[in-house]
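Reviewing the structure listed below.
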Amino acid sequence: MCADTATKKDHEEGTRREFLNLAAGAFGAIGTAAVVWPFVDSMNPAADTLALASTEVDLTPIQEGQSITVMWRGKPVFIRHRTKAEIKAAEEVPVNALRDKEEDKDRVQKPEWLVMVGVCTHLGCVPLGQKESETKGEYGGWVCPCHGSHYDTSGRIRKGPAPKNLSVPEYAFLTDTSIRIG
Amino acid sequence: MAGGQREKFDNPVVEWVDSRLPVFTLMQKEYGVFPTPRNFNYFWNFGAIAMFMLVTMIVTGITLAMQYTADTTLAFNSVEGIMRDVNYGWLIRYIHMNGASFFFIAVYIHIFRGMYYGSYKQPRELLWILGVVIFLLMMATAFMGYVLPWGQMSYWGATVITNLFSAIPLVGDDIVTLLWGGFSVDNPTLKRFFALHYLLPFVIFAVVFLHVWALHVTGSNNPTGVEPKGKQDTLPFHPYYTMKDTFGLIVFVIIYAAFVFFMPNALGHPDNYIPADPLVTPAHIVPEWYFLPFYAILRAITFDIGIPFTDIALIEAKLGGVIAMFGAIVLLLIMPWLDTHPVRSARYRPWYKKALLVFVFGVVVLGYAGSQPADKVYWQTCIGSEAACSASDDHHGVATDTAHTGDDHAKPEKAPMVLKFDNTMLAQIFTIYYYVFFLVILPLLSRKEKALPIPKSLHEAVLAKAKASAAK
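Top to bottom, those sequences are chains A and B.
The first sequence begins at 1 in this note's numbering and counts up by one.
The second sequence begins at 183 in this note's numbering and counts up by one.
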């Protein structure tokens with residue numbers, strides 16, 4: 001056998017057999033990973049799903065104090081034309097008192113238009129508060145019916161199990177009264 | 183099973199097969215003469231019943247798959263088509279739908295049997311672990327199956343459960359996108375759930391095979407927890423237990439059939455007959471009943487776990503809930519090492535017996551808590567003036583989750599104090615007991631509990647019982 005005839009020095013540095021085992025094992029592992037990856041990645045969003053990634057919205061019909069919900073990437077996006085009182089309430093909250101510390105001005109491009117993904121950051125339900133008839137929770141914004149997370153007039157988490165504020169998608173004002181989300 | 187030790191069969195065809203592949207010898211050895219403790223009670227039926235349910239689910243499932251379409255635009259209608267147009271489609275679907283519930287009933291009783299009589303203890307630890315693996319696979323399969331009809335509960339249940347994975351630090355969101363195959367639960371999600379829902383039962387079947395194999399190595403436990411010592415302690419499996427299992431199975435199937443034919447939707451949720459709508463969340467999302475205790479544990483963690491007196495949260499409430507829920511199953515997995523008491527059966531362990539029965543009660547209460555809205559108030563009282571309290575109540579459009587959420591200082595102070603006991607607190611109490619039972623009571627009893635005298639042998643236990651009833 002190799003090991004019997006090898007010198008002592010060979011043993012200290014490892015035998016040829018050990019080297020071959022290690023090299024073959026490493027090669028096998030990399031090869032396996034290379035084969036597995038296409039199968040795993042095939043489950044990620046496909047090109048057609050990614051292609052549907054932007055939505056344009058006309059804001060003219062939305063009166064002050066009204067909200068609309070549009071679909072973007074299969075999710076509801078809340079667009080609210082905020083009232084003066086709501087903007088004031090959102091701006092006056094001391095940031096240190098918030099769970100997810102964010103100034104109102106960092107969440108809007110124009111203070112009267114609040115655009116955010118209407119998916120509760122807890123477990124993904126759609127919060128209530130879009131319609132006139134719906135409850136707006138303790139902070140006058142939105143409230144999630146599933147596990148009782150309350151959001152304020154800036155969509156920031158104030159109470160309940162959700163860890164984060166309602167997320168603000170990437171969007172841009174195309175004109176003064178229309179936006180493109182995504 | 184070696185050919186040489188084989189006994190010859192009289193039937194020439196059987197003999198021809200068996201001498202080439204000894205399947206008949208195997209069946210004879212494992213299910214014919216297999217020595218089985220003579221003192222089984224009816225709790226020992228539920229393994230066989232669970233096996234029957236697995237086969238029922240596979241047969242009805244394959245038949246349904248021939249009619250079902252996994253596409254978000256067609257799925258709901260294809261299920262309605264099965265209900266209305268396919269010959270006996272209603273029957274096959276109701277058998278499958280209620281079959282999931284009855285499979286879980288059988289398995290929950292089977293797990294309770296194992297816990298009560300100490301079947302998880304040495305040398306059956308691996309047998310127990312394989313059982314917990316089957317339970318986990320069943321939960322995954324049932325969850326994905328519930329998504330397939332693409333009703334409101336399907337869609338929102340899938341949304342809530344897949345979002346659990348977003349709680350994982352750093353990679354959570356990428357994992358959720360990978361699970362969905364998009365940016366929300368959608369067509370790719372439905373298709374992969376169907377593929378996996380079809381695959382997993384066969385994986386379960388394979389693990390059941392290992393589970394039964396391990397069982398036939400150690401042999402069955404029995405109500406006394408005393409190992410059989412010889413022939414006088416056992417009976418051949420056939421005809422004694424084939425008959426007892428058949429009897430139990432018939433009783434079980436009668437109840438099952440009553441549900442299928444007379445109240446097929448009693449265990450389901452009416453919202454799932456509304457097609458899925460990504461824009462409208464049902465007022466109250468509830469999972470199927472067999473997930474409710476775990477769902478209650480998930481919702482019980484409403485507070486961040488962090489460094490006291492700072493805002494630094496080490497584990498956010500959401501992640502905490504997910505850890506608590508999966509932890510509840512991990513505890514089952516390691517139960518053989520948490521309870522190391524030398525006596526198996528709860529019959530001879532008065533303290534363990536009480537703690538276990540309270541545990542079962544706790545799981546049932548958790549199930550109830552899981553079925554109710556998180557903010558449901560069971561009891562409340564006012565400290566201060568009554569009028570002020572009711573005024574502050576009206577203020578809350580939707581009742582609050584709990585007082586534990588940790589950022590009450592953001593709220594304007596109100597004079598009257600409302601003391602209340604709500605659903606979240608109920609779930610928290612029994613979640614604590616769930617964990618205390620495994621992590622404190624079991625190790626403690628392992629060291630301190632003094633067991634009652636156990637019978638020297640099964641034979642003796644059976645005879646003593648017979649003598650006692652004769653004396654009456």
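We put the beta carbon where it would ideally sit given N, CA and C, even for glycine.
Report the three-state DSSP secondary structure of B:Gln562 (helix, strand or coil).
Counting from one through the second sequence, the residue named residue 562 of chain B turns up at place 380. Reduced to three states, the DSSP call for B:Gln562 is strand.
Roughly how many angstroms lie between the CA atoms of B:Asp368 and B:Leu461, to the nearest whole one?
Taking the second sequence and counting its residues from 1, the one referred to as residue 368 of chain B is at position 186. Taking the second sequence and counting its residues from 1, the one referred to as residue 461 of chain B is at position 279. Going from the Cα of B:Asp368 to the Cα of B:Leu461 covers about 13 Å.
Less than 8 Å between CB atoms is the rule here; does B:Thr323 satisfy it with respect to chain A?
The residue labelled residue 323 of chain B in the question sits at position 141 within the second sequence. With 8 Å as the cut-off, B:Thr323 does not count as an interface residue toward chain A.
So, helix, strand or coil for B:Val385, using DSSP?
The residue given as residue 385 of chain B occupies position 203 in the second sequence. Helix.
At 8 Å on the CB atoms, spell out the chain B contacts of A:Pro169, in chain order.
The sequence position of residue 169 of chain A within the first sequence is 169, counting from 1. None at all; the shortest Cβ gap to chain B is about 10 Å.
If you run the structure through DSSP and keep just helix, strand and coil, what is A:Val93?
Taking the first sequence and counting its residues from 1, the one referred to as residue 93 of chain A is at position 93. Coil, per DSSP.
For the alpha helix (DSSP H) containing B:Thr218, list its first residue and its last residue.
Against the second sequence, residue 218 of chain B aligns to sequence position 36. Premise fails: B:Thr218 lies in the beta strand (DSSP E), Pro217 to Pro219, not in any alpha helix (DSSP H).
Do B:His379 and B:Leu319 have their beta-carbon atoms positioned less than 8 Å apart in this structure?
For the purposes of this step, residue 319 of chain B is taken as the residue at position 137 of the second sequence. For the purposes of this step, residue 379 of chain B is taken as the residue at position 197 of the second sequence. Not in contact: B:Leu319 and B:His379 (Cβ atoms no closer than 8 Å).
B:Pro370 to B:Trp362, Cα distance in whole Å?
Taking the second sequence and counting its residues from 1, the one referred to as residue 370 of chain B is at position 188. Taking the second sequence and counting its residues from 1, the one referred to as residue 362 of chain B is at position 180. Each residue's alpha carbon lies about 7 Å from the other.
Just the chain A side, please: which residues come within less than 8 Å of B:Thr522 by C-beta, in chain order?
Numbered from its first residue, the second sequence carries residue 522 of chain B at position 340. Under the 8 Å cutoff, chain A gives no residues; its nearest Cβ is about 37 Å from B:Thr522.
Could you name the residues that DSSP lists as bridge partners for A:Lys159?
Taking the first residue of the first sequence as 1, we reach residue 159 of chain A at position 159. The partner list for A:Lys159 (beta bridge, DSSP) reads A:His150.
Suppose you measure from the CA of B:Asp576 to the CA of A:Gly137; what does that come to, to the nearest Å?
To locate residue 576 of chain B, count along the second sequence from 1; it is residue 394. To locate residue 137 of chain A, count along the first sequence from 1; it is residue 137. Bear in mind that a pLDDT of 44 at B:Asp576, under 50, signals an unreliable position, so the number given afterwards is only what the model happens to contain. So the two alpha carbons sit approximately 12 Å from each other.
Can you tell me where the alpha helix (DSSP H) holding B:Ile437 begins and where it ends?
Within the second sequence, residue 437 of chain B is the residue found at index 255, counting from 1. Unbroken alpha helix (DSSP H) run through B:Ile437: Phe419 to Phe444.
Pairs of beta-carbons, one from the segment 125 to 143 of chain A and one from the segment 154 to 168 of chain A, closer than 8 Å: are there three or more?
Short answer: they touch.
Is it a yes or a no for the segment 451 to 471 of chain B touching the segment 73 to 81 of chain A, going by three-plus beta-carbon pairs under 8 Å?
The segment 451 to 471 of chain B, when compared against the segment 73 to 81 of chain A, does touch it at the 8 Å Cβ threshold.
Who are A:Gly140's beta bridge partners in DSSP?
Against the first sequence, residue 140 of chain A aligns to sequence position 140. Note: A:Gly140 sits in a beta bridge opposite A:Asp152.
I need the straight-line Cα distance from A:Pro129 to B:Ala252, nearest angstrom please.
Taking the first sequence and counting its residues from 1, the one referred to as residue 129 of chain A is at position 129. Taking the second sequence and counting its residues from 1, the one referred to as residue 252 of chain B is at position 70. The residue asked about is misnamed: residue 129 of chain A is Gly in this sequence, not Pro. Cα-Cα distance, rounded: 33 Å.
Could you tell me whether the Cβ atoms of B:Tyr299 and B:Arg526 are closer together than 8 Å?
As a first step, residue 299 of chain B is located in the second sequence; it is residue number 117 there, counting from the start. As a first step, residue 526 of chain B is located in the second sequence; it is residue number 344 there, counting from the start. Yes.
To which residues of the same chain is B:Val385 closer than 7 Å at the C-beta, ignoring the five residues directly before and after it?
Within the second sequence, the letter at position 203 stands for residue 385 of chain B. Excluding positions up to five away in sequence, the list reads Leu319.
Under 8 Å: do the segment 538 to 545 of chain B and the segment 612 to 619 of chain B share three or more Cβ pairs, one atom per stretch?
In short, these stretches touch, since the Cβ pair count reaches three.
For chain A, is any of its Cβ atoms less than 8 Å away from the one on B:Asp589?
Locating residue 589 of chain B in the second sequence gives position 407, where the first residue counts as 1. Legend: pLDDT at B:Asp589 = 46, less than 50; position of this residue unreliable, value from coordinates given subsequently. True, the Cβ-Cβ gap to chain A drops below 8 Å.
For B:Leu627, I'd like the list of residues in its chain whose CB is within less than 8 Å of its CB, leaving aside the five on either flank, ordered along the chain.
Residue numbering aside, residue 627 of chain B sits at position 445 when the second sequence is read from its first letter. Result list for B:Leu627: Asp521, His523, Arg531, Trp533, Tyr534 and Ala537, in chain order.
Count the other C-beta atoms from every protein chain shown that fall within 10 angstroms of the C-beta of B:Glu470, then say buried if there are 16 or more, exposed otherwise.
Sequence index remark: in the second sequence, residue 470 of chain B carries index 288 (1-based). Result: buried.
Comparing C-alpha positions only, which one of B:Trp561, B:Ala643 and B:Lys632 sits nearest to B:Thr606?
One-based indexing of the second sequence puts residue 606 of chain B at position 424. Closest by alpha carbon: B:Trp561.
Return the chain-ordered list of same chain residues with a C-beta closer than 8 Å to the C-beta of B:Ala592, the five sequence neighbours on each side being excluded.
Reading the second sequence from its first residue, position 410 is the one you call residue 592 of chain B. Unreliable positioning characterises B:Ala592 in this predicted model, as indicated by a pLDDT of 45, which lies under 50. A coordinate reading is not provided.
How is A:Trp113 classed by DSSP in three states: helix, strand or coil?
Locating residue 113 of chain A in the first sequence gives position 113, counting from the first residue. Strand, per DSSP.
Among residues of its own chain, excluding the 5 on either side of A:Gly160, which ones have a beta-carbon nearer than 6 Å to its beta-carbon?
Counting from 1 along the first sequence, the entry for residue 160 of chain A is found at position 160. Contacts found: Gly148, Ser149 and His150.
For A:Gly124, decide whether its Cβ has a neighbour in chain B, counting only Cβ atoms nearer than 8 Å.
Translated into the one-based positions of the first sequence, residue 124 of chain A becomes position 124. Yes - at least one Cβ of chain B is within 8 Å of the one on A:Gly124.
Indicate whether B:Ile350 and B:Phe325 have their beta-carbon atoms separated by less than 8 Å.
Along the second sequence, one-based indexing puts residue 350 of chain B at 168. Along the second sequence, one-based indexing puts residue 325 of chain B at 143. No, the pair does not count as a contact, with Cβ atoms beyond the cut-off.
Applying a beta-carbon distance threshold of less than 8 Å, which residues of chain A neighbour B:Gly363?
Taking the first residue of the second sequence as position 1, residue 363 of chain B is located at position 181. Per Cβ cutoff of 8 Å: Met43, Asn44, Pro45, Ala46 and Thr49.
From the DSSP output, which residues share a beta bridge with A:Ser67?
For the purposes of this step, residue 67 of chain A is identified with residue 67 of the first sequence, where counting begins at 1. For A:Ser67, which the question treats as bridged, DSSP gives the partners A:Arg80.
When the cut-off is 8 Å and only beta carbons count, does A:Pro76 lie next to chain B?
Against the first sequence, residue 76 of chain A aligns to sequence position 76. It does; some Cβ of chain B falls within 8 Å.
Mind reading off the beta-carbon distance from B:Ala643 to B:Thr406? Whole number of angstroms is fine, and I expect it under 8 Å.
Along the second sequence, one-based indexing puts residue 643 of chain B at 461. Along the second sequence, one-based indexing puts residue 406 of chain B at 224. The pair is a contact, with the Cβ atoms about 5 Å apart (cut-off 8 Å).
Grab the span of the alpha helix (DSSP H) containing A:Glu18 for me, first residue to last.
Within the first sequence, numbered from 1, the residue matching residue 18 of chain A stands at position 18. Looking at the DSSP string, the run of the alpha helix (DSSP H) that includes A:Glu18 is Arg16 to Asp41.
Determine the direct distance from the alpha carbon of B:His292 to that of B:Gly229, and round the result to whole angstroms.
Within the second sequence, the letter at position 47 stands for residue 229 of chain B. Within the second sequence, the letter at position 110 stands for residue 292 of chain B. Taking the straight line from one Cα to the other gives about 6 Å.
Per DSSP, what kind of secondary structure is B:Leu634 in: helix, strand or coil?
Translated into the one-based positions of the second sequence, residue 634 of chain B becomes position 452. Looking at B:Leu634 - three-state DSSP - the assignment turns out to be coil, as it is neither helix nor strand.
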